[in-house]
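Colleague:
Residue numbers (my numbering): 252 to 374.
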């Protein structure tokens with residue numbers, strides 16, 4: 252039950268912060284510092300903090316554990332979208348798992364463009 256509530260809280264925080272589900276691949280790419288295609292805990296923690304989603308360290312850890320079953324493989328974007336936004340998964344990714352709405356901006360450009368919005372959210 253707590254896991255379901257945590258998933259709903261994260262989904263609501265994303266929406267209230269002005270993020271659309273199709274935006275999710277951008278921060279994943281921007282925070283994937285080692286370019287592994289997945290986020291380890293430190294990268295995921297940084298992303299959640301920078302996006303000002305208002306989650307405590309404990310809640311971020313609980314979210315991460317949903318994906319990382321002690322395998323150490325981390326979290327990939329497709330699994331994240333599928334878990335937190337299952338009804339929107341096929342809006343973001345096609346049947347081959349490729350991103351449908353891939354605008355020409357880079358992940359870093361997206362992240363920089365969000366800086367003013369992030370600072371306004373944390374006020």
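Idealized CB from N, CA, C, for every residue including glycine.
Starting from residue 298, trace the alpha helix (DSSP H) both ways and give me its first and last residue.
Modeller: Residues 292-301.
Colleague: Identify every residue that forms a DSSP beta bridge with residue 344.
Modeller: Paired residues: 350.
Colleague: For residue 328, tell me which candidate among 254, 287 and 255 has the shortest Cα-Cα distance.
Modeller: Among 254, 287 and 255, the Cα nearest to that of residue 328 belongs to 287.
Colleague: Do residue 335 and residue 262 have their CB atoms nearer than 7 Å?
Modeller: Cβ atoms of residue 335 and residue 262: closer than 7 Å.
Colleague: Do residue 292 and residue 315 have their CB atoms nearer than 7 Å?
Modeller: In contact: residue 292 and residue 315 (Cβ atoms closer than 7 Å).
Colleague: For residue 350 and residue 305, which I take to be in contact (beta-carbon distance under 8 Å), what is that distance rounded to the nearest angstrom?
Modeller: Not quite, the Cβ-Cβ distance comes to about 27 Å (not below 8 Å), so this is no contact.
Colleague: Going straight from the alpha carbon of residue 311 to that of residue 299, what length do you get?
Modeller: If you take the alpha carbons of residue 311 and residue 299, they lie about 8 Å apart.
Colleague: Count the other C-beta atoms from every protein chain shown that fall within 10 angstroms of the C-beta of residue 269, then say buried if there are 16 or more, exposed otherwise.
Modeller: Exposed: under 16 other Cβ atoms inside 10 Å.
Colleague: Would you say the beta carbon of residue 330 is closer than 6 Å to some non-hydrogen atom of the ligand GTP?
Modeller: In the structure on display, the ligand GTP does not appear, and there are no ligands present to speak of.
Colleague: Looking at C-alpha atoms only, which residue of 346, 274, 256 and 294 is the closest neighbour of residue 324?
Modeller: When only C-alpha atoms are compared, the closest one is 294.
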